[in-house]
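Q:
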Amino acid sequence: MTPRSVRDSGTPAGAPWVRTRLRTAPGTAWALALLVLVTSFLAALFPRVVERQGTEGLHHDITAAGPRHNVLELSSPQPSLQLLPAEREGAVRGAALKTVREKARAALPAEVRPGAADSAYGFGTSRPIPAQETWLPRPYGLDPQLNHTTVSDLPRHAVLRSGAWPTVRGTVTEDTDEVEGVVTEETAKALGAKPGSTVSVPTRGGKLTVRITGVVAPGKPRSTYWSADPLFRTPALVQEPQSTPPSPDPPRYYWTAAVLLPPDAGPALLGSSGEPEMFWRFAPDASGLTAADVPGLRSAIASLESGPGLVRLRGMAGDNAAFETGLDQILTGYATLRAAIEPVVAVAAVGVGAVAATVLLMTAGLIGGRRREELALLRARGGSLAGMGRRLLAETAVVAVPAAALGLLGALAFFGPARLWPSVAGPAVVAALVCVVLPLGSVLPHRRPRLPGTRDDLMEARPSRLRTVAELTVLVLAVGAVAGLRRRGTANGDSDLLVSAAPVLVGLIAALVLVRLLPWPMRLASRAVARGRGAVGFLALARAGRSSAGGALPLLALLLALTTAGFGGSVLAGVSDARDRAALLTVGADARISGLLDTAPLPARLVREVRAADGVRQVAAVQVMSEVPMPPDADGTGSMKNTVVLGVDPDTYAGLARTANLGAFPADRLRAGKGEAGSVVVPVIASPSTAARLGDGPRDLTTPGGDLRVRVAGIVPRTAAVPDHDFLLVDTAALTRQRTTTLLVAGDPDPKALRATVRQAGGGISVRLRAEERAVFVDTPMQRGARGIYAAAVVVGAGYALLAVLLSLLRTAPERTALLARLRTMGLPTRQGRRLVGLEALPQALPVAVGGVLVGWATIALLAPGVDLAGLALFNGPGTTMPDIARLRPDPWSLTLPALGVVVLTAAVAAVQARWAGRRGPNTELRAGDSR
-14 MTPRSVRDSG
-4 TPAGAPWVRT
6 RLRTAPGTAW
16 ALALLVLVTS
26 FLAALFPRVV
36 ERQGTEGLHH
46 DITAAGPRHN
56 VLELSSPQPS
66 LQLLPAEREG
76 AVRGAALKTV
86 REKARAALPA
96 EVRPGAADSA
106 YGFGTSRPIP
116 AQETWLPRPY
126 GLDPQLNHTT
136 VSDLPRHAVL
146 RSGAWPTVRG
156 TVTEDTDEVE
166 GVVTEETAKA
176 LGAKPGSTVS
186 VPTRGGKLTV
196 RITGVVAPGK
206 PRSTYWSADP
216 LFRTPALVQE
226 PQSTPPSPDP
236 PRYYWTAAVL
246 LPPDAGPALL
256 GSSGEPEMFW
266 RFAPDASGLT
276 AADVPGLRSA
286 IASLESGPGL
296 VRLRGMAGDN
306 AAFETGLDQI
316 LTGYATLRAA
326 IEPVVAVAAV
336 GVGAVAATVL
346 LMTAGLIGGR
356 RREELALLRA
366 RGGSLAGMGR
376 RLLAETAVVA
386 VPAAALGLLG
396 ALAFFGPARL
406 WPSVAGPAVV
416 AALVCVVLPL
426 GSVLPHRRPR
436 LPGTRDDLME
446 ARPSRLRTVA
456 ELTVLVLAVG
466 AVAGLRRRGT
476 ANGDSDLLVS
486 AAPVLVGLIA
496 ALVLVRLLPW
506 PMRLASRAVA
516 RGRGAVGFLA
526 LARAGRSSAG
536 GALPLLALLL
546 ALTTAGFGGS
556 VLAGVSDARD
566 RAALLTVGAD
576 ARISGLLDTA
586 PLPARLVREV
596 RAADGVRQVA
606 AVQVMSEVPM
616 PPDADGTGSM
626 KNTVVLGVDP
636 DTYAGLARTA
646 NLGAFPADRL
656 RAGKGEAGSV
666 VVPVIASPST
676 AARLGDGPRD
686 LTTPGGDLRV
696 RVAGIVPRTA
706 AVPDHDFLLV
716 DTAALTRQRT
726 TTLLVAGDPD
736 PKALRATVRQ
746 AGGGISVRLR
756 AEERAVFVDT
766 PMQRGARGIY
776 AAAVVVGAGY
786 ALLAVLLSLL
796 RTAPERTALL
806 ARLRTMGLPT
816 RQGRRLVGLE
826 ALPQALPVAV
836 GGVLVGWATI
846 ALLAPGVDLA
856 GLALFNGPGT
866 TMPDIARLRP
876 DPWSLTLPAL
886 GVVVLTAAVA
896 AVQARWAGRR
906 GPNTELRAGD
916 SR
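Under our numbering, the first residue of the sequence shown is numbered -14, with each subsequent residue one higher.
1. Using the Cα positions of Ala287 and Ala410, report the straight-line distance between them to the nearest angstrom.
2. Do you know whose CA, among Ala271, Thr310, Val422 and Leu193, lies nearest Ser257's CA?
3. How long is the line joining the alpha carbons of Pro734 and Gly600, rounded to whole angstroms?
4. Identify whether Lys192 lies in helix, strand or coil by the three-state DSSP scheme.
5. Measure how close the beta-carbons of Met610 and Thr688 come, nearest whole angstrom, since I'm counting them as under 8 Å.
6. So what does DSSP say about Arg900, is it helix, strand or coil?
7. List the endpoints of the continuous alpha helix (DSSP H) containing Pro32.
8. In the DSSP assignment, find the beta strand (DSSP E) that holds His133 and state where it starts and stops.
9. Could you give the distance in angstroms between the alpha-carbon of Pro1 and the alpha-carbon of Gly12?
10. Sort out for me which residues DSSP pairs Gln117 with in a bridge.
11. Round the Cβ separation of Arg297 and Ala92 to the nearest angstrom and send it over; I've been treating them as touching at under 8 Å.
12. Would you mind giving the Cβ-Cβ distance between Val931 and Ala116, rounded to the nearest angstrom? I have them listed as a contact below 8 Å.
13. Have a look at His142 and Ser65 and give me their C-alpha separation to the nearest angstrom.
14. Are Tyr775 and Ala333 closer than 8 Å when you measure CB to CB?
15. What alpha helix (DSSP H) runs, 4 residues minimum, are completely inside the segment 786 to 841?
16. According to DSSP, is Met615 helix, strand or coil?
17. What residues match up with Tyr239 in a beta bridge as DSSP calls it?
18. Excluding the 5 residues flanking Ala175 on each side, which residues of the same chain have their C-beta closer than 6 Å to its C-beta?
19. Please determine, among Val21, Phe26 and Thr844, the residue with the shortest C-alpha to C-alpha distance to Pro407.
20. For a test of the three-state rule: what should DSSP assign to Thr891, helix, strand or coil?
21. Taking just the CA atoms, how far does Glu159 sit from Asp214?
22. Of the choices Gln898, Pro616, Ala496 and Phe308, whose alpha-carbon is the least far from that of Leu460?
23. If we count the other Cβ atoms within 10 Å of its Cβ and call it buried at 16 or more, is Arg218 buried or exposed?
24. In this structure, how does DSSP classify Thr881 when only helix, strand and coil are distinguished?
25. Can you give the beta carbon distance from Pro99 to Pro269, rounded, assuming they're within the 8 Å contact cut?
26. Output the distance between the C-alpha atoms of Ala242 and Pro187, rounded to the nearest integer angstrom.
27. When the Cα atoms are used, what is the spatial distance from Leu43 to Gly640?
28. Could you tell me which residues DSSP pairs with Asn627 in its beta bridges?
29. Counting C-beta neighbours from all protein chains within 10 Å, is the total for Pro614 16 or more, i.e. buried, or is it exposed?
30. Taking 8 Å as the cut-off, decide whether the C-beta atoms of Ala924 and Leu729 are in contact.
31. Work out the CA separation of Leu121 and Thr172 for me, nearest whole Å.
32. Could you check the C-alpha separation between Leu254 and Gly311 for me, to the nearest Å?
33. In the structure shown, what three-state DSSP assignment does Thr865 receive?
34. Does Gln314 pass the burial test, meaning 16 or more other C-beta atoms within 10 Å, or should it be called exposed?
35. Taking the C-alpha atoms as reference points, what is the distance between Gly862 and Arg323?
36. CA-CA distance, Gly392 and Pro402?
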């Protein structure tokens, strides 16, 4: 006996269980690992995508707002007159202002704390001062008004074009009578300023002369330094304030601009009449700002505006200092958009997560079913349930945990920086689900011995009381979720997990109902086919009826996947529809041609040429009469209100309104009768509020088109010509002074040709196209991310549905292969064997496909009143007229294509399996004692 054959008493007998199992079934282990890896990758990727898109959307909103709105500005009035003159003068010099800048910068929120490069500080007039110099331009005879401001680090932010930089000669005090300054190129061009020009500034002590020494060009014109106050860079024509009562004369305008002084010239402005003040402007640095920082940043800004933060700033800049920024409004708009989008995205996340979990459960069931005989043998030889469970847990964890870790690492590498713990939670749940469900699902069926040949047929099963109670519980939850979603909606962001799971619960109820109802038609079909002569149909239905009664998981996975895909596609279709509708409401038709302010008349030749243009189907000529005073109430009381009166041709305009679905009405109801103007009561179509003021009886109206006596003949909520105003539609034939001011065009005209036609008709005529307004809708990063998530939900849901089909067919593949082998030994032709396999799969695939379409449609119909897509579709849109709400609508393609894919894949897999089984001989498949 060799030493190798002597067993050491400390060495366990036999090879390790886990290593043996993995070597025995490597294909199963690799397939499980791949499924866990993909699912973990998606679970880890989702929160990172959401957070990244939210952060990008936040940066986009801050950047798009521009420096004028996102600048952080601290201002303080000039030093108190109770201070000594030297103290007042020292407080507004550059060194003192710089010291305050450094202290104030340290007190700003860390999330957006700026650097010193793009910030500015200074001392200048807050109210422009009229300039009396004769060399300054006066387009309307009004004196220009100038701001005089000291500003820091001017040579670093500008390029000298001509002259010299302004300097301080000696020590500037309140009594200094001359200082130097510069203007920008645009200011010099508009005002005619040049080096050597002088401007006088009235002061308490007499007059301050500001001498222009140079002309500069901004280094970065759109930076906060130059754009926080646009007058620094660009002069502007400002309308003269209106007098009371308003003057009938046309408005007049005057120039306003800024003259930039050196930092230490501030004391000279203390005596000016321009109410000088100190300012410190900071450009926020949002590069490190994330979506998770928004609540804390909003709280910090509120504190700086009117809270403890403002007290600290006043201790640095003065007792009357004020902090202002538009960043809080930007963050509020961002939070509003995010609150509108997150509940809609949560619905997709819960749906895809439920489908993935169901497929994982199916995989665990498939693996446990394949090992049923092995575990039954271990149990018969004395194996305990706990011992078998521990071994199954070990071999599952060896595969699932590394796969989940790899999925997490892939997500971390695929997407950039984001919080770690939300990404870890998803893969951890996936790994825990697989490690718990697979051992339990495999071991628990062996609590009691199972007699050989015992079947759990679908058509013979009877639901237990426990199952009935569980199904009723799910039904109650589904009803509560649907009711909660319909009542609360998603527009205000007030949703929870139960509401987000409403589509999943509806799909779950449908799957349970389908499992209960499916045996009935199969029994009827079996009885009908049993009377026929062929054996294929009977055998196919018999095989389908003998499938496991616990096969609710495949039905649930397919229905949830089809519902999720249909819901996601319907969301995308609803977004597109809402944008199309918004563009239509903005224009009123496919094209809109109008004169100045919609009231200037259009040439008759233009009307004829537009009607004859290529691609134009219909043209409605409209006479727009704005600001028409409404008649007083019957008792002579009531506030004066105006409305818009629209003169239209009844037939043409009614056809356009019907085509565009904008306040359709019968043309006969608007057609005016014959008679002398003013003596015949003219029927009108009115908006609801206008109709309420007019009442039911005839009322007199005075319009630019003539005096009318009108009666409300119909009410429509909106109309194409003025979708966002109260209105009255009247037959043009009833007007004594007729003219066309607007053309509403239906069709597909060539934009270039249409604009060329309009240009030939003269100036002052505008052209707006519905297609161009629709193209203006550009997704913000958060909207784009939400739409991408729903597009991914459609694809992932369809992928899991196809995987569920494969798993369902693989579960019964051994029995189906053995059946074909037995039937071939009995003389069944190969062609009929293939038909048998295909027909066996269809009794479950067809109900699932039809049920998936119906359940998807019913889910959308049930949840549509509670799902508002306005934030996802229309936030920051271009038009002023928007749909009241953007609702879901069923998308036929998203509902039918995945369902057809399930049927096609089922038939394809069955055909492949039948062909593969047909090539294997009966001796390979049939063995003595085989119970399949």
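From the three backbone atoms N, C-alpha and C, an ideal C-beta is built for every residue, glycine too.
A: So, to answer that:
1. By 1-based counting over the sequence shown, the position of residue 287 is 302. By 1-based counting over the sequence shown, the position of residue 410 is 425. Taking the straight line from one Cα to the other gives about 34 Å.
2. The residue labelled residue 257 in the question sits at position 272 within the sequence shown. Out of Ala271, Thr310, Val422 and Leu193, Leu193 has the C-alpha closest to the C-alpha of Ser257.
3. The residue given as residue 734 occupies position 749 in the sequence shown. The residue given as residue 600 occupies position 615 in the sequence shown. The straight-line gap separating the alpha-carbon atoms of Pro734 and Gly600 is approximately 4 Å.
4. Residue 192 sits at position 207 when you count from the first residue of the sequence shown. Residue state, collapsed to three classes: strand.
5. Taking the first residue of the sequence shown as position 1, residue 610 is located at position 625. Taking the first residue of the sequence shown as position 1, residue 688 is located at position 703. Under the criterion of beta carbons closer than 8 Å, Met610 and Thr688 qualify as touching, at roughly 5 Å.
6. The residue given as residue 900 occupies position 915 in the sequence shown. Judged by DSSP in its simplified three-state form, Arg900 adopts helix.
7. Here the question's residue 32 lines up with position 47 in the sequence shown. Its alpha helix (DSSP H) spans residues Pro11 to Ala50.
8. Locating residue 133 in the sequence shown gives position 148, where the first residue counts as 1. That run of the beta strand (DSSP E) goes Gln130 to Thr135.
9. The sequence position of residue 1 within the sequence shown is 16, counting from 1. The sequence position of residue 12 within the sequence shown is 27, counting from 1. Cα to Cα, the separation comes out at about 19 Å.
10. Counted from its first residue, the sequence shown places residue 117 at position 132. In the DSSP assignment, Gln117 is bridged to no other residue.
11. Sequence index remark: in the sequence shown, residue 297 carries index 312 (1-based). Sequence index remark: in the sequence shown, residue 92 carries index 107 (1-based). Yes, Arg297 and Ala92 are in contact; Cβ-Cβ is about 6 Å, under 8 Å.
12. The requested residue 931 does not occur in the structure, where the chain is confined to residues -14 to 917.
13. One-based indexing of the sequence shown puts residue 142 at position 157. One-based indexing of the sequence shown puts residue 65 at position 80. Per the coordinates, the alpha-carbon of His142 lies some 32 Å from the alpha-carbon of Ser65.
14. As a position in the sequence shown, residue 775 is number 790, starting the count at 1. As a position in the sequence shown, residue 333 is number 348, starting the count at 1. It is a contact, given that the beta carbons lie within the stated cut-off.
15. Whole alpha helix (DSSP H) segments, 4+ residues: 798 to 810.
16. For the purposes of this step, residue 615 is identified with residue 630 of the sequence shown, where counting begins at 1. Coil, per DSSP.
17. Within the sequence shown, residue 239 is the residue found at index 254, counting from 1. Per DSSP, Val223.
18. Looking up residue 175 in the sequence shown gives position 190. The beta carbon of Ala175 sits closer than 6 Å to the beta carbons of Pro220 from its chain, once the five residues preceding and following it are set aside; these are given in chain order.
19. Translated into the one-based positions of the sequence shown, residue 407 becomes position 422. Residue Phe26 holds the alpha-carbon nearest to the alpha-carbon of Pro407 among Val21, Phe26 and Thr844.
20. In the sequence shown, the residue the question calls residue 891 occupies position 906. Correct three-state label for Thr891: helix.
21. Taking the first residue of the sequence shown as 1, we reach residue 214 at position 229. Taking the first residue of the sequence shown as 1, we reach residue 159 at position 174. When rounded, the distance between both Cα atoms is 25 Å.
22. Walking along the sequence shown from the start, residue 460 turns up at place 475. For Leu460, the closest alpha carbon among the candidates Gln898, Pro616, Ala496 and Phe308 is that of Ala496.
23. What you label residue 218 is simply residue 233 of the sequence shown in a count that begins at 1. Classification for Arg218: buried.
24. Along the sequence shown, read from residue 1 onward, the residue named residue 881 stands at position 896. Looking at Thr881 - three-state DSSP - the assignment turns out to be helix.
25. In the sequence shown, the residue the question calls residue 99 occupies position 114. In the sequence shown, the residue the question calls residue 269 occupies position 284. Between Pro99 and Pro269, the beta carbon gap of about 6 Å places them in contact (Cβ cut-off 8 Å).
26. If you number the sequence shown from 1, residue 242 lands on position 257. If you number the sequence shown from 1, residue 187 lands on position 202. Distance between the alpha carbons of Ala242 and Pro187 is about 17 Å.
27. In the sequence shown, residue 43 corresponds to position 58, counting from 1. In the sequence shown, residue 640 corresponds to position 655, counting from 1. Those two C-alpha atoms are separated by around 45 Å.
28. As a working mapping, residue 627 is identified with position 642 in the sequence shown. Its beta-bridge partners are Pro614.
29. Counting from one through the sequence shown, the residue named residue 614 turns up at place 629. It is exposed - the Cβ of Pro614 has fewer than 16 other Cβ atoms within 10 Å.
30. For the chain, the structure presents residues -14 to 917; residue 924 sits outside this window and is missing.
31. Start at 1 with the first residue of the sequence shown, and residue 172 comes out as number 187. Start at 1 with the first residue of the sequence shown, and residue 121 comes out as number 136. So the two alpha carbons sit approximately 11 Å from each other.
32. Taking the first residue of the sequence shown as position 1, residue 254 is located at position 269. Taking the first residue of the sequence shown as position 1, residue 311 is located at position 326. Near 28 Å, if we compare the C-alpha coordinates of Gly311 and Leu254.
33. Taking the first residue of the sequence shown as 1, we reach residue 865 at position 880. Confidence at Thr865 is low in this model, with a pLDDT of 41, below 50, so the placement of that residue should be treated as unreliable; the coordinate-derived value is given next. In the three-state scheme derived from DSSP, where H, G and I count as helix and E and B as strand, Thr865 is classed as coil.
34. Position 329 of the sequence shown, counting from 1, holds the residue named residue 314. Here Gln314 is exposed, its C-beta having fewer than 16 other C-beta atoms within 10 Å.
35. In the sequence shown, the residue the question calls residue 862 occupies position 877. In the sequence shown, the residue the question calls residue 323 occupies position 338. Interpretation of Gly862 is limited by its pLDDT of 44, a score under 50 that renders its predicted location unreliable; the figure taken from the coordinates is listed afterwards. Those two C-alpha atoms are separated by around 16 Å.
36. On the sequence shown, position 407 is the one that residue 392 refers to. On the sequence shown, position 417 is the one that residue 402 refers to. A straight line joining the alpha-carbon of Gly392 with that of Pro402 spans about 16 Å.
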